[in-house]
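Chains as they are written, first to last, in UniProt numbering: chain A, 1 to 119; chain B, 1 to 119; chain C, 1 to 119; chain D, 1 to 119.
There are 4 protein chains.
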Amino acid sequence: MGTGDMNLHIAAQTDDGCGCDCSSEPADNGYTPEKKRYLARLKRIEGQVRGLHRMVDEDEYCIDVLTQISAVQSALKGVALALLDDHMQHCVLHAAQRGGDEAVEKLDEVSAAVSRLLK
Amino acid sequence: MGTGDMNLHIAAQTDDGCGCDCSSEPADNGYTPEKKRYLARLKRIEGQVRGLHRMVDEDEYCIDVLTQISAVQSALKGVALALLDDHMQHCVLHAAQRGGDEAVEKLDEVSAAVSRLLK
Amino acid sequence: MGTGDMNLHIAAQTDDGCGCDCSSEPADNGYTPEKKRYLARLKRIEGQVRGLHRMVDEDEYCIDVLTQISAVQSALKGVALALLDDHMQHCVLHAAQRGGDEAVEKLDEVSAAVSRLLK
Amino acid sequence: MGTGDMNLHIAAQTDDGCGCDCSSEPADNGYTPEKKRYLARLKRIEGQVRGLHRMVDEDEYCIDVLTQISAVQSALKGVALALLDDHMQHCVLHAAQRGGDEAVEKLDEVSAAVSRLLK
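The following block contains the structure:
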């Protein structure tokens, strides 16, 4: 059984949304439907950035390039908000339920991340 | 002589920063050093987005993914501000100097673009 | 013993940062040192906005008004981030520790608030 | 009558939007209907900030305070965009029409202002 199968197996036992490796517990790290959606969204954003490159390369009107940049920003913001939500609803929530200082640290990380996104 | 050579030839006569096709005058549309820099910046951003995809695929920690999204947002903002500046210093300025309603329209476009970027 | 003393008394038993009325437990709602700081910051921001009014009234240079608007935005963002952090470290954390659906709801509220701040 | 006189003549009848003191020409600096609207909008924003102070003072729920902060941010952004537009459509446009380096400097100022607003 390969690593991929292992991941699928673990995923079957978990509802962890973001799929991030946020703890040493296997159940917090798995291949989730959400992950597939994130990967698809990021693929689309990569295509949008490639489109920006093409637009500049073909001397398209600056304002149209700026409009497209705004669209990419908006798509990235959407991914960031979804990741943040999943992270809080899983990693942070589980840490809070386990008790101890871990949750405080995780919330500090969330605050710092939001601060960076707001820059 | 191919289209590419033609573009290089036109570029030699122009100082147009953004290289965008903002008027029917050939001098306003050319292959500029700025354009090369924009293309390089966008290639880097495309690579950053591909990196985001890899991070999610490899279940990296959500907060690290969010940090990287902020970096991409910042890089895109930098390109947008540079494009906006070039556009104003060339297309808008030239339109204003030519007189008539064209400059008013171009400034309306700039305002709308800034509004979208601020969203 | 006056109401003020009562508040101080409650505050002495609590580490609740934001002082917001986020639960029915008295310990989650108190007059805290953080609250005093928030009130002072908001007073300063009110003064900054009054300064904006004066600047426009005295026909000051638009760009200077815009610079001051950016300063107000930055000050408001600082208050928002601090409030968000306090709210998560107290109301959300306590809800998570109590267990049940309350924490999920509180995290949904946080996500929605971050989304509005990012607009 | 020269072109300069013509401009001054036109200026006397004009609705110069931002009313800011952006040139030494008296006609570029005046009490305009737009100015009244800006003053009214800033008064409202000042009231909103006073409302924030009251909300914190009365221990209102953090999330509701954050919602109100977002509303103030949005109102300030609206004023900033309107000021920027007026500034470009008047001060910058007139500078561009007068020719010389002044317009380039004014556009640099606009770019810097947009950059600060995007922070």
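Glycine included, each C-beta is placed from N, C-alpha and C at the ideal position.
Closest by C-alpha distance to residue i, when choosing among the options
{"i": "B/H90", "options": "A/A112, A/I63 and A/T67", "result": "A/I63"}
{"i": "D/Y61", "options": "C/L84, C/A96, C/Q97 and C/Y61", "result": "C/L84"}
{"i": "A/R116", "options": "A/R44, A/V72, A/K77 and A/V65", "result": "A/K77"}
{"i": "D/V56", "options": "C/P33, C/S74 and C/G99", "result": "C/P33"}
{"i": "B/R41", "options": "B/H87, B/A103 and B/V72", "result": "B/V72"}
{"i": "B/S70", "options": "B/D86, B/G51 and B/V114", "result": "B/G51"}
Neighbour flag for residue i against chain C, beta carbons, 9 Å
{"i": "D/A113", "result": "yes"}
{"i": "D/D101", "result": "no"}
{"i": "D/L42", "result": "yes"}
{"i": "D/L39", "result": "yes"}
{"i": "D/V104", "result": "no"}
Residue i CB to nearest heavy atom of the ligand PLP below 8 Å
{"i": "C/E109", "result": "The ligand PLP is absent from the structure shown, which contains no ligand whatsoever."}
Contact check, residue i vs residue j, beta carbons under 9 Å
{"i": "D/K107", "j": "B/L93", "result": "At residue 107 of chain D the sequence reads Leu, which differs from the Lys that was named. Going by C-beta atoms, D/L107 is nearer than 9 Å to B/L93."}
{"i": "A/G99", "j": "C/Q68", "result": "no"}
{"i": "B/A95", "j": "B/E102", "result": "yes"}
{"i": "A/Y38", "j": "A/V79", "result": "yes"}
{"i": "D/M88", "j": "D/V104", "result": "no"}
{"i": "C/K35", "j": "D/H53", "result": "no"}
{"i": "D/V114", "j": "C/V49", "result": "no"}
Neighbour flag for residue i against chain A, beta carbons, 9 Å
{"i": "C/L81", "result": "yes"}
{"i": "C/M55", "result": "no"}
{"i": "B/E25", "result": "Here B/E25 scores only 46 on pLDDT, less than 50, and its place in the model should not be relied on; the value that follows carries that caveat. Output row for B/E25: interface = no."}
{"i": "B/L93", "result": "no"}
{"i": "B/V49", "result": "yes"}
{"i": "C/L66", "result": "no"}
Residue-level contact to chain B via CB, residue i, 9 Å cutoff
{"i": "A/V72", "result": "yes"}
{"i": "D/D85", "result": "yes"}
Chain D contact for residue i (CB, 9 Å cutoff)
{"i": "B/A75", "result": "no"}
{"i": "B/D108", "result": "yes"}
{"i": "C/R98", "result": "no"}
{"i": "B/L52", "result": "no"}
{"i": "B/Q89", "result": "yes"}
Per-residue burial, residue i [other beta carbons within 10 Å of its own, 16 or more giving buried]
{"i": "B/E58", "result": "exposed"}
{"i": "D/E46", "result": "buried"}
{"i": "B/K119", "result": "exposed"}
Margin query: If we require 4 or more residues per run, which alpha helix (DSSP H) segments fall completely within the stretch 23-90 of chain A?
Written below: 33-57 and 62-87
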